[in-house]
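**Q** The numbering used here numbers the first residue of the sequence shown as 6 and each following residue consecutively.
For every residue, glycine included, the Cβ atom is placed at its ideal position computed from N, Cα and C.
Sharing a structure with you now.
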Amino acid sequence: MDFALTEDQLALAAATRRFAKDVLAPGAVERTRQPSYPFDIARKLAAQGLLGITIAGADGGQGGTVLEAIIVIQAVAEVCPRSADVIQAANFGAIRTLAEYGSAHLKRKYLGPLLAGDAVLALGMTEAEAGSAVTDLRTTARQDADRVVINGGKVFSSHSADAELFLVYVRFGPGADGIGSVLIERDTAGFTVGKPASFMSGERWCPLYFDNTVIPADNIVLGTGGFKRQITAFNVERLGNAARSLALGRLAFNKAREHALSRHQFGRPLAEFQGIQWKFADMAAKLESAQLLLYRAAWAAGQAMPSAYDTALAKLASNTAGFEVSNEALQVMGGTGYTQESLVEYCVRRTRGWMIAGGSTEMMKNRIAESIFDRRFSQRLPVPSGYEPIGYEG
Ligand SMILES: Cc1cc2nc3c(=O)[nH]c(=O)nc-3n(C[C@H](O)[C@H](O)[C@H](O)COP(=O)(O)OP(=O)(O)OC[C@H]3O[C@@H](n4cnc5c(N)ncnc54)[C@H](O)[C@@H]3O)c2cc1C
């Protein structure tokens with residue numbers, strides 16, 4: 006078994022790390038306090054060829070592999086977490102669903118500005134009554150000849166305060182098979198982006214309201230029967246989320262390591278206390294083991310979609326490691342770690358969110374258990390006779 010990255014992959018990691026240190030490190034702390042999407046950074050990353058890594062060359066991307074995208078997002082996130090949000094949005098997020106399943110017309114129309122860093126695409130999946138139980142979503146899409154009428158609402162959509170375009174999960178008919186997705190432009194009549202609210206990390210999200218919002222039928226990305234493919238593409242988003250968790254854990258670990266070497270108490274550097282050494286040993290074991298699972302999921306995917314089982318293992322391990330290591334690194338740094346002048350407290354706040362976002366750690370465990378026992382465990386109560394499918398109104 007070969008655990009080594011190839012020479013090309015190592016060169017990509019080194020070049021991205023150099024670029025991150027030179028261009029992204031200055032201002033990294035300040036950026037964590039800026040809730041707006043960093044379009045200035047997005048344009049720089051685009052110029053560096055770091056957007057659309059896994060998107061086909063014919064569609065304006067780089068035609069690379071998921072593993073290459075993971076290498077890049079981690080190299081950036083270890084230096085500037087907010088810049089890595091751009092790598093996520095333009096490589097792993099809803100953009101991948103558009104690139105994978107969108108029509109030639111949609112890709113031609115929308116991918117250009119997204120890959121140039123001039124626009125960002127937000128995902129509207131979660132609803133007030135449909136979080137982990139995403140197939141309970143109630144936002145309806147009624148197709149009427151060459152137009153589609155959308156009604157409903159979404160919550161928690163990242164980048165929604167700044168996005169010009171939204172990939173929205175909608176219900177064309179009953180059951181999971183009735184779920185598909187559409188693209189909606191921000192200024193569409195009947196579509197309202199509500200007042201921004203903040204997550205614990207400082208990121209903003211806005212509620213989205215659809216009130217007889219009319220879009221062209223051409224803007225359907227996946228119609229009836231598309232849900233399985235949509236969730237398969239979402240596994241890529243989950244790997245980007247896992248990669249950032251782990252990278253922020255690594256960032257905090259590195260800061261704590263430097264601190265443990267330079268900070269003296271009781272006349273010795275902190276690194277000489279066994280109680281501190283064991284914390285680092287535990288942190289290293291968590292980071293390294295999660296990293297292997299993440300690489301395995303990405304490597305097995307190649308240029309295609311990662312498997313659900315590999316993704317669930319990688320996300321569970323990376324989200325847990327990222328948060329636990331960040332939190333322990335903060336402890337090692339004492340009061341210095343707790344101040345907002347170090348990125349470490351941000352790593353704690355930010356990694357906490359990824360244990361919930363994009364499929365919580367509990368939902369990842371549910372998915373892993375299904376592979377272990379080779380059967381599906383419905384989380385729902387048995388369906389009584391005469392049951393009306395939830396969320397279908399059209
Ligand atoms: C930082 C952040 C960014 C996000 N970005 C987006 C975005 O861009 N677009 C978007 O659409 N959504 C986004 N979300 C929403 C996210 O996808 C949901 O928060 C997530 O799916 C969980 O749903 P919920 O919050 O409704 O929690 P719930 O589903 O209500 O779950 C609450 C708790 O119960 C647990 N739970 C639920 N069901 C089970 C079960 N069957 N077994 C065991 N435990 C269970 C969950 O794990 C969780 O701990 C984001 C969320 C966060 C925190």
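Tell me the DSSP secondary structure of residue 466 in three-state form.
**A** Nothing about residue 466 can be reported from this structure: the residues present for the chain run from 6 to 399 only.
**Q** Under 7 Å: does the beta carbon of residue 128 sit that close to some heavy atom of ligand 1?
**A** Result yes, Cβ under 7 Å from ligand 1.
**Q** Relative to the C-alpha of residue 292, which residue among 314, 268 and 257 is closest?
**A** Ranking 314, 268 and 257 by Cα distance to residue 292 puts 257 first.
**Q** Using the three-state DSSP reduction, which class does residue 8 fall into: helix, strand or coil?
**A** Three-state DSSP puts residue 8 in coil, outside helix and strand.
**Q** Among 190, 246, 330 and 333, which has the Cα closest to the Cα of residue 111?
**A** Cα-wise, what sits closest to residue 111 is 190.
**Q** Excluding the 5 residues preceding and the 5 following residue 83 in the sequence, name in chain order all residues of the same chain whose CB lies nearer than 7 Å to its CB.
**A** So the qualifying residues of the chain are 252, 255 and 256.
**Q** With DSSP collapsed to three states, give me the class of residue 110.
**A** Reduced to three states, the DSSP call for residue 110 is helix.
**Q** How would you label residue 269, buried or exposed, when you count the other beta carbons within 10 angstroms and need 16 or more for buried?
**A** That one is exposed.
**Q** Give the list of continuous beta strand (DSSP E) stretches no shorter than 3 residues that lie fully inside the region 95-145.
**A** Listed in chain order, the complete beta strand (DSSP E) runs (minimum 3 residues) inside the region 95-145 are 126-129.
**Q** For the 8 Å Cβ check, are there 3 or more pairs between the region 199-215 and the region 159-174?
**A** In short, these stretches touch, since the Cβ pair count reaches three.
**Q** Would you be able to state if there are at least three C-beta pairs under 8 Å between the region 44-60 and the region 112-123?
**A** Yes, since at least three Cβ pairs between the region 112-123 and the region 44-60 fall closer than 8 Å, the two stretches touch.
**Q** Consult DSSP for residue 398 and reduce its assignment to one of helix, strand or coil.
**A** For residue 398, the predicted model reports a pLDDT of 38, less than 50, meaning its position is unreliable and no value from the coordinates is stated.
**Q** Candidates 97, 64 and 61: which alpha carbon is nearest residue 77's?
**A** Closest by alpha carbon: 97.
**Q** Have a look at residue 175 and residue 154 and give me their C-alpha separation to the nearest angstrom.
**A** Answer to the nearest angstrom: the Cα atoms are 11 Å apart.
**Q** Specify the secondary structure class of residue 356 as computed by DSSP and reduced to three states.
**A** If DSSP states are grouped into helix, strand and coil, residue 356 belongs with the helices.
**Q** Counting C-beta neighbours from all protein chains within 10 Å, is the total for residue 338 16 or more, i.e. buried, or is it exposed?
**A** So residue 338 counts as buried.
**Q** Give me the Cα-Cα distance between residue 109 and residue 125, rounded to the nearest whole angstrom.
**A** One C-alpha to the other measures close to 19 Å.
**Q** Helix, strand or coil for residue 218, going by three-state DSSP, please let me know.
**A** Residue state, collapsed to three classes: strand.
**Q** Rank 184, 26, 217 and 142 by C-alpha distance to the C-alpha of residue 194 and give the top, closest one.
**A** Of 184, 26, 217 and 142, the residue nearest in Cα terms is 217.
**Q** Compute every distance between the C-beta of residue 442 and the non-hydrogen atoms of ligand 1, then say whether any falls below 7 Å.
**A** Residue numbering for the chain in the displayed model covers 6 to 399; residue 442 lies beyond these limits and cannot be assessed.
**Q** Here's the rule: buried if 16 or more other CB atoms are within 10 angstroms of the residue's CB, otherwise exposed. What is residue 5?
**A** Residue coverage of the chain in this structure runs from 6 to 399, which leaves residue 5 outside it and unanswerable.
**Q** From the DSSP output, in three-state form, read off residue 36 for me.
**A** In this structure, residue 36 counts as helix in the three-state DSSP scheme.
**Q** Let me know the beta strand (DSSP E) ranges lying completely inside the region 147-223, each 3 residues or longer, listed in chain order.
**A** 152-163, 170-176, 184-190, 196-198 and 209-221, all fully within the region 147-223.
**Q** Just checking residue 11 against ligand 1 - is the residue's beta carbon closer than 7 Å to any of the ligand's heavy atoms?
**A** No, Cβ of residue 11 sits at least 7 Å from all heavy atoms of ligand 1.
**Q** Determine the direct distance from the alpha carbon of residue 161 to that of residue 382, and round the result to whole angstroms.
**A** Whole-angstrom Cα-Cα distance: 27 Å.
**Q** Please list the terminal residues of the continuous alpha helix (DSSP H) segment that includes residue 361.
**A** Looking at the DSSP string, residue 361 is not in any alpha helix (DSSP H), and its letter there is neither H nor E.
**Q** Closest to residue 11 by C-alpha separation, out of 304, 350, 103 and 326, would be which residue?
**A** Measuring from the Cα of residue 11, the nearest candidate turns out to be 304.
**Q** Indicate whether residue 81 and residue 74 have their beta-carbon atoms separated by less than 8 Å.
**A** No, Cβ-Cβ distance for residue 81 and residue 74 is not below 8 Å.
**Q** May I ask you to check if the CB of residue 371 is nearer than 7 Å to at least one heavy atom of ligand 1?
**A** It does: the Cβ of residue 371 is within 7 Å (strictly closer) of some heavy atom of ligand 1.
**Q** Does the beta carbon of residue 401 fall short of 7 Å from some heavy atom of ligand 1?
**A** Any answer about residue 401 is impossible in this case: the structure gives the chain only from 6 up to 399.
**Q** Cβ atoms of residue 31 and residue 87: under 8 Å apart, would you say?
**A** The answer is no: Cβ separation not under 8 Å.
**Q** Between the region 317-335 and the region 344-362, do three or more beta carbon pairs fall short of 8 Å?
**A** Touching, yes, given that three or more Cβ pairs across the two stretches are closer than 8 Å.
**Q** Which residue wins for smallest C-alpha separation from residue 302, given the options 91, 322 and 180?
**A** The residue with the shortest Cα to Cα distance from residue 302 is 322.
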